[in-house]
Amino acid sequence: DRGNREVQRIKEKETENRVEDGRIGKGCPHTFITFHLCRNSKVKARGPAQEGPKRPEPEESEMCQECRSQLQSKCNGISSAVITQENTPVGSKVIYDGEKRKPLQVTPKLFSTFVKEAPFRNHTSETCAVVGNSGILSNSSCGDEINSAQFVIRCNLPPLDSSYENDVGNKTNLVTANPSILVEKCHVWECVGTYADVSPGQYPETPVVLALSQLTTSQPAPFFPARFNGLTEQRRPFAESLVRYGDSLLLLPAFSYWHNTAVSLRAVYTLQDFDGSARPIFLNPEYLRGLTWFWRARGLKAMRLSTGLIVASLASELCANVHLYGFWPFPWHPHGGGPLTNHYYDNRQSKKKVHNMPDEFVHLLRLHNQGVVKLHLGKCEP
């Protein structure tokens, strides 16, 4: 079909160019994929004078239903995405999906941390917003549009401070938390927030913190996240950091790697001890194996699927209309070519190259052209 041919043409052209820094030759700020998006694709910057993505044609709608059916039959995220007391009983064994290790036997204590039944079993939504963290969200004015979705999914505990609300909204129904966030010790100048985020007593009283705490501007400034230290010391800062997400589901990949398990369990116990409203759930490694197979069978080459692709795939099963925001993996804007930060809240780069974000984007573009999801890559209507 035309959509698949277009995507294949993009991939072949990208392979030929071997773009490393977002350029095709000197002085050209666009890769072929950007040119395609701006000139030939249905993905447009949404604004008062510009149309959004068109509704899929009948043929595309059939492809949309076929893709959803394949996801449901191969992965069954509605019932299997989360470990539950129903699908993982006491005495069963959990096999890590990210490494070859001895399976973990489910003890009564571990079993008690599992939710009783699949949280998505009786859940269907007309609209879902899956919010990535790409710098393309900066100055997008997409906050209200994101908040209007019935079900909002966010990735890796992103900041939702008032300074970002206009662009990313503040509604959350499900948020993921990579355990590395819980053990990470962030350098003072590597994390971003606003000066107003810094208050006396909240962070170590270094000279820099004391100076910034006197400022009230909401301009971007270094952000000092609570150093959770694997939740082995003070745990209240972690519980308090989740207040912004309300009673959302907190999705933890506790069984991808063995070192994820202990810190994920400490996160559960912390929420219990401090009466947190967030509801922790564990990503099922069996579901991840099926999802990895699903995407590899479609040509995706990556060591690991990104969190964004995982939740976008899940949303495609849960929702009739899936809208993706912040899923642009390149350092320049698709409409104009201006530079972008890596995330809407900072410019930190991933140290581990385990994901293939450009290739994932090509597959998401294919889903967009088939009507399975709707990619938003520009400003939203006010």
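Numbering-wise, this note's numbering puts 166 at position 173 of the sequence shown, and it's gapless, one number per residue.
Beta carbons: idealized from backbone N, C-alpha and C, even for Gly.
Source: prediction; values computed, not measured.
Close beta carbons around residue i, own chain, < 6 angstroms, minus the five adjacent residues each side
| i | result |
| --- | --- |
| Val261 | Thr106 and Pro273 |
| Asp275 | Going by the sequence as given, residue 275 is Phe instead of Asp. Taken in chain order, the residues that qualify are Ile76, Leu245 and Ala247. |
| Gly91 | Ser249 and Tyr250 |
| Arg282 | Asp90 |
| Arg94 | Trp251 |
| Thr334 | Gly128 and Asn340 |
| Phe221 | Leu175 and Phe231 |
| Arg228 | Thr263 |
| Gly292 | none |
| Asn33 | Low local confidence applies: a pLDDT of 36 at Asn33 is under 50, so the model's placement there is unreliable, with the coordinate-based value given in what follows. Closer than 6 angstroms at the Cβ level, and outside the excluded window around Asn33, lies no residue. |
8 angstroms Cβ shell around residue i - same chain, five flanking residues per side excluded
| i | result |
| --- | --- |
| Cys121 | Ala142, Gln143, Phe144, Val145, Ile146, Ala308, Leu311, Cys312, Asn314, Val315 and His316 |
| Arg114 | Ile71 and Ser72 |
| Phe287 | Gln63, Leu64, Lys67, Cys68 and Ser306 |
| Glu79 | Lys109, Glu110 and Ala111 |
| Glu119 | Gln143, Cys312, Ala313 and Asn314 |
| Ser376 | The first residue shown for the chain is -6 and the last is 375, placing residue 376 beyond what the model contains. |
| Arg61 | Ser309, Glu310 and Val365 |
| Gln117 | It is worth fixing the name first, because residue 117 is Thr in this sequence and not Gln. Leu311, Cys312 and Ala313. |
CA nearest to the CA of residue i, picked from the options
| i | options | result |
| --- | --- | --- |
| Cys373 | Gly319, Asn349 and Ser306 | Gly319 |
| Cys135 | Tyr238, Asn163 and Leu284 | Asn163 |
| Val168 | Ser155, Leu150 and Thr117 | Leu150 |
| Asn171 | Arg282, Leu243 and Thr100 | Leu243 |
| Pro152 | His252, Glu226 and Val124 | Val124 |
| Leu358 | Trp321, Leu333 and His336 | Trp321 |
| Asp137 | Cys148, Tyr157 and Ala271 | Tyr157 |
| Leu130 | Arg114, Asp160 and Asn140 | Asp160 |
| Tyr337 | Asn126, Lys67, His252 and Asp154 | Asn126 |
| Thr165 | Ser155, Asn140 and Pro96 | Asn140 |
| Tyr89 | His252, Pro230 and Cys148 | His252 |
| Pro96 | Glu279, Cys60 and Glu79 | Glu279 |
| Asn277 | Cys60, Arg61 and Val87 | Val87 |
| Leu103 | Leu293, Thr117 and Thr81 | Thr81 |
Any C-beta of chain C under 7 angstroms from that of residue i
| i | result |
| --- | --- |
| Trp251 | No chain C is present in this structure, which holds just one protein chain. |
Neighbourhood of residue i by C-beta, 7 angstroms cutoff - its chain only, sequence neighbours within 5 removed
| i | result |
| --- | --- |
| Pro41 | Interpretation of Pro41 is limited by its pLDDT of 32, a score under 50 that renders its predicted location unreliable; no figure is taken from the coordinates. |
| Pro101 | Val83 |
| Ala232 | Thr263, Leu264, Phe267 and Gly269 |
| Ser348 | Ser is not the amino acid found at residue 348; the sequence shown has His there. So the list reads Ala295, Arg297 and Ser299, once near-sequence residues are dropped. |
| Ala271 | Leu235, Tyr238, Asp240, Ser241, Leu243 and Leu264 |
| Pro332 | Pro324 and Trp325 |
| Leu224 | Leu175, Phe231, Val256, Arg259, Ala260 and Thr263 |
| Thr285 | Leu298 |
| Asn132 | Asp160 |
| Lys346 | none |
| Lys4 | Caution is warranted here: a pLDDT of 47 is assigned to Lys4, below 50, making its placement in the model unreliable, and no coordinate value can be reported. |
| Arg289 | none |
| Gln342 | Asn335 |
| Glu226 | none |
Identified DSSP bridge partners for residue i
| i | result |
| --- | --- |
| His369 | Tyr318 |
| Arg312 | The question names Arg, but residue 312 in the sequence shown is Cys. Partner(s): Ser118. |
| His336 | Ser127 |
| Thr169 | Leu244 |
| Trp325 | Pro332 |
Any non-hydrogen atom of the ligand HEM within 6 angstroms of residue i CB
| i | result |
| --- | --- |
| Leu293 | In the structure shown, the ligand HEM is absent, as is every other ligand, since no ligand is present at all. |
- Given 8 angstroms as the limit, is there contact between the stretch 347 to 366 and the stretch 296 to 305, that is, 3 or more CB pairs closer than that? Yes, the stretch 347 to 366 is in contact with the stretch 296 to 305.
- Message: With three or more C-beta pairs closer than 8 angstroms as the rule, is the stretch 325 to 342 touching the stretch 365 to 372?
- Response: By the Cβ rule, the stretch 365 to 372 counts as touching the stretch 325 to 342, because three or more pairs are nearer than 8 angstroms.
- Meets three-Cβ-pair contact criterion under 8 angstroms: the stretch 65 to 82 and the stretch 108 to 120: Yes, the stretch 65 to 82 touches the stretch 108 to 120.
- Taking one C-beta from the stretch 164 to 175 and one from the stretch 249 to 266 each time, how about it: are there three or more such pairs within less than 8 angstroms? Counting Cβ pairs under 8 angstroms, three or more are found: they touch.
- Message: Extract the residue ranges of the alpha helix (DSSP H) inside the stretch 74 to 160, only unbroken runs of 4 or more that lie entirely within it.
- Response: Segments of the alpha helix (DSSP H) lying fully in the stretch 74 to 160: 101 to 104 and 136 to 140.
- Task: Mind listing, in chain order, the continuous beta strand (DSSP E) runs of no fewer than 3 residues lying wholly within the stretch 207 to 283?
- Result: The beta strand (DSSP E) runs lying completely inside the stretch 207 to 283 and spanning 3 residues or more are 213 to 215, 242 to 245 and 272 to 275, given in chain order.
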